[in-house]
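2 protein chains.
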Amino acid sequence: MTRLSFRQKVHLAREDAIVGTVKRLLAEKGFDLMTVDEVAAEVGIAKASLYKHFPSKEALAAAAMVQMMDQALEQVQTQEAQPGATAIDKLKGITRWTLQTQLAGAMPTLPAENSSLRNALIAHKGYMDGLMELSDQLGAWIVQAQADGTVNRALPPEAVLYTIFARACDPVLGFLKAGGSHSDAQIVDWVMLTCFDGLAGRPAVT
Amino acid sequence: MTRLSFRQKVHLAREDAIVGTVKRLLAEKGFDLMTVDEVAAEVGIAKASLYKHFPSKEALAAAAMVQMMDQALEQVQTQEAQPGATAIDKLKGITRWTLQTQLAGAMPTLPAENSSLRNALIAHKGYMDGLMELSDQLGAWIVQAQADGTVNRALPPEAVLYTIFARACDPVLGFLKAGGSHSDAQIVDWVMLTCFDGLAGRPAVT
DNA sequence: GTCTATATTAAGATAGAC
DNA sequence: GTCTATCTTAATATAGAC
């Protein structure tokens, strides 16, 4: 770890505050509807100052996505650290964390379409590295769970991976929450159930 | 049915062409990234002419969404017309149609966030009526399927309904298609499997 | 690095002739 | 109803003083 000057620490702390705000706004409104003016206002600095830290709106969003990816990788470590956890337990653990995070309004979701953000992210080494590592880690769990017979062997591992990734932007959570008559924990339980056991709902192998 | 003059027929035909183009562009890029200039160019008329037919971009998109809703209701009738079909068969039928339509790039998907389109749609009687009717029809099938034991009784019917609706914008289809190594039919089968039987994958009650 | 003020551009919408 | 030309606004980005 490199020793940092006080000035550098302040600089990083400010950038962290910026990225935190961006992450929240991205989760709330998405990339296209989030404006740089808004970010600057919420952070409490001038827009021009923002552009001294990040060269573009895409870079701003990319920084937030990288931080999100790092959080996800941290969660992977948390799952890995559970002593008796099987592969399916870990998959369920990371999926539950994803749902909880989204429901809490803290999951910045990439626009599914061909937005300018998509290209920026594909060109962003930090983001792509994180994505690869996350895919590898989950991929290993998936293969193991299929060997255990706890994940359907008829599905290609990539389909399982994408299905779990997609929980980060599952609109069902928001729909159920909008109803207003269920607790967050209850909503997460239901979506976990549909995800792993399906609508037809036979109990899973354990 | 009211008798229409030739002029009126031409008018309606043109509006149909416009709505068709909008539907495709909405499916491709979403509401925010679709521009009115683009719509006009693809239809082959001037932008100002477009605004003689529809008063705003939101109205344009709403017309496309209403047409989509009508197509869905038609599909409901098709399912209802199957002689031996049980409730779960019908639910699977409409879900499969939804997946196929999205995969074919013909499913305009509403932006999940608080876009201007959302408010326009909520204020749009034709759209909301269609949505209510669709919800009622699927709701009846869901309740019946739960009574039959073919849909998990632990799930509230609204959760099942939202889960089926959400297939219209499931990103897993696009992810798998981007890989390029699977047929559309194969992709649809896998997503159907995860939707109804879950990742854990026990065969459903039939 | 922070600010105020401004440039630039893209896109929704309209004016007015035919 | 169709067109060309124009208006208006909002949002990304930058200039330049301190």
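Heads up: the sequence lines are chains A and W, in that order. Under my numbering, think of the first position of the first sequence as 1150, with each following residue one higher. Under my numbering, think of the first position of the second sequence as 1150, with each following residue one higher. Glycine residues also receive a C-beta, built at the ideal position from the N, C-alpha and C atoms.
Residue-level contact to chain A via CB, residue i, 8 angstroms cutoff
i	result
Glu1191 of chain W	no
Asp1285 of chain W	no
Thr1235 of chain W	no
Asp1346 of chain W	yes
Lys1239 of chain W	no
Asp1333 of chain W	no
Gly1254 of chain W	no
Val1171 of chain W	no
Leu1222 of chain W	no
Range of the contiguous alpha helix (DSSP H) that encloses residue i
i	result
Glu1282 of chain W	Lys1274 to Asp1297
Gly1233 of chain A	Gly1233 of chain A -> no alpha helix (DSSP H), and no H or E assigned at all.
Cys1318 of chain W	It is not in any alpha helix (DSSP H) - Cys1318 of chain W carries neither H nor E in the DSSP assignment.
Val1300 of chain W	Note, Val1300 of chain W: premise wrong, no alpha helix (DSSP H); not H, not E.
Met1256 of chain A	Per DSSP, Met1256 of chain A belongs to no alpha helix (DSSP H) and is neither H nor E.
Arg1267 of chain A	Ser1265 to Ile1271
Gly1169 of chain A	Phe1155 to Leu1182
Phe1345 of chain A	Asp1333 to Asp1346
Ala1208 of chain A	Lys1206 to Glu1229
Ser1198 of chain W	Lys1196 to His1202
Ala1189 of chain W	Val1185 to Val1192
Residue burial classification, residue i (beta-carbon count within 10 angstroms, cutoff 16)
i	result
Leu1283 of chain W	buried
Arg1316 of chain A	buried
Ile1271 of chain A	exposed
Lys1201 of chain W	exposed
Val1159 of chain W	exposed
Pro1232 of chain A	exposed
Met1281 of chain W	exposed
Gly1350 of chain A	buried
Gly1329 of chain A	exposed
Gly1279 of chain W	buried
Leu1325 of chain A	buried
Phe1314 of chain W	buried
Leu1161 of chain A	exposed
Ala1230 of chain W	exposed
Asp1219 of chain A	exposed
Ser1264 of chain W	buried
CB contact check: residue i to chain W, cutoff 8 angstroms
i	result
Ser1264 of chain A	yes
Asp1181 of chain A	yes
Thr1301 of chain A	In the sequence as displayed, the identity of residue 1301 of chain A is Asn instead of Thr. Yes, Asn1301 of chain A counts as interfacial toward chain W.
Glu1307 of chain A	yes
Phe1155 of chain A	no
Pro1257 of chain A	no
Trp1339 of chain A	yes
Gly1328 of chain A	yes
Gly1288 of chain A	no
Asp1186 of chain A	no
Gly1242 of chain A	no
Beta-carbon gap between residue i and residue j smaller than 8 angstroms
i	j	result
Ala1176 of chain A	Gly1275 of chain A	no
Lys1178 of chain A	Glu1262 of chain W	yes
Thr1312 of chain A	Leu1182 of chain W	no
Gln1251 of chain A	Leu1322 of chain A	yes
Trp1290 of chain W	Lys1239 of chain W	yes
Val1215 of chain A	Leu1199 of chain A	no
Phe1203 of chain W	Ala1189 of chain W	no
Ile1243 of chain W	Thr1299 of chain W	no
Asp1297 of chain A	Thr1235 of chain A	yes
Glu1187 of chain W	Leu1174 of chain W	yes
Ala1166 of chain A	Glu1207 of chain A	no
Gly1288 of chain W	Pro1306 of chain W	yes
Cys1344 of chain A	Pro1320 of chain W	no
Integer-rounded CB distance, given that residue j should sit under 8 angstroms from residue i
i	j	result
Ala1303 of chain A	Leu1342 of chain W	7 angstroms
Arg1267 of chain W	Pro1260 of chain W	7 angstroms
Leu1248 of chain A	Val1337 of chain A	5 angstroms
Val1225 of chain W	Gln1286 of chain W	5 angstroms
Phe1180 of chain A	Ala1221 of chain A	The pair is not a contact, with the Cβ atoms about 18 angstroms apart (cut-off 8 angstroms).
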